[in-house]
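Shown next, in structure tokens, is the structure this report addresses.
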Amino acid sequence: MKYFETKFLDEAKEFIASLDPKTIKKMLYNIDLAEQTNDPKLFKKLQSEIWEFRTKYAGLRVRLLAFWDKTDSKETLVIATHGFIKKVDKVPANEINRAIRLREEYFKKI
Numbered sequence: 029m030k031y032f033e034t035k036f037l038d039e040a041k042e043f044i045a046s047l048d049p050k051t052i053k054k055m056l057y058n059i060d061l062a063e064q065t066n067d068p069k070l071f072k073k074l075q076s077e078i079w080e081f082r083t084k085y086a087g088l089r090v091r092l093l094a095f096w097d098k099t100d101s102k103e104t105l106v107i108a109t110h111g112f113i114k115k116v117d118k119v120p121a122n123e124i125n126r127a128i129r130l131r132e133e134y135f136k137k138i
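Be aware that the sequence shown starts at 29, since it is given in our numbering, and climbs by one per residue.
Next comes the structure, spelled out in structure tokens:
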């Protein structure tokens, strides 16, 4: 059973495409696992509306920021906005702000 379905905005797709194939495979595996388990080690709330998919692989801390779209009563979606390689313990504010901006743009379009 899946708790949610993940969709990727263009910026998220571009980021994923920039990674090496093994990192992509691990990240997509973790996203699929998060959809089925809702494990906070893989998918965690950062602040009000913004969440992060978390992947550690080959010494990299790969993050994909996301938000929930519950406008469809049949399907619960998580929209991945964009990704980055995390270099410090805290998620940089500019990355969270970017996710918030992409979320606002997304809801204006639907």
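For every residue, glycine included, the Cβ atom is placed at its ideal position computed from N, Cα and C.
Roughly how many whole angstroms lie between the Cα atoms of residue i and residue j?
i: A121; j: L37; result: 20 Å
i: A86; j: Q75; result: 27 Å
i: K54; j: T34; result: 16 Å
i: V119; j: R129; result: 16 Å
i: K50; j: I113; result: 15 Å
i: K30; j: N125; result: 28 Å
i: F135; j: D67; result: 26 Å
i: F117; j: T104; result: In the sequence as displayed, the identity of residue 117 is Asp instead of Phe. Each residue's Cα considered, the two are about 30 Å apart.
i: E42; j: S101; result: 29 Å
Taking the alpha helix (DSSP H) that residue i belongs to, which residues open and close that run?
i: L130; result: 121 to 137
What residue range does the beta strand (DSSP E) around residue i cover?
i: A94; result: 88 to 97
i: F43; result: Taken as a continuous stretch (DSSP letters only), F43 belongs to no beta strand (DSSP E), being part of the alpha helix (DSSP H) at 38 to 46.
i: L74; result: 71 to 75
i: E80; result: 78 to 85
Go through its chain and collect everything with a Cβ distance to residue i's Cβ below 8 Å, but skip five positions before and after it.
i: A127; result: I78, L93, A94, F95, T109, H110
i: Q64; result: M29, K30, Y31
i: S46; result: none
List the residues that DSSP assigns as beta-bridge partners of residue i.
i: F112; result: R91
i: I52; result: Answer is none; I52 lacks a bridge partner.
i: L105; result: E33, D97
Residues in its own chain within less than 7 Å of residue i by CB, not counting five upstream and five downstream?
i: I138; result: T99
With a cut-off of 8 Å on the beta carbons, I'd call residue i and residue j a contact; round off their distance for me.
i: F182; j: R89; result: The structure shown does not extend to residue 182, since the chain is modelled only from 29 through 138, so no value can be given for it.
Grab me the residues of residue i's own chain with a C-beta within less than 6 Å of its C-beta, minus the 5 sequence neighbours each way, in chain order.
i: A62; result: L70, F71
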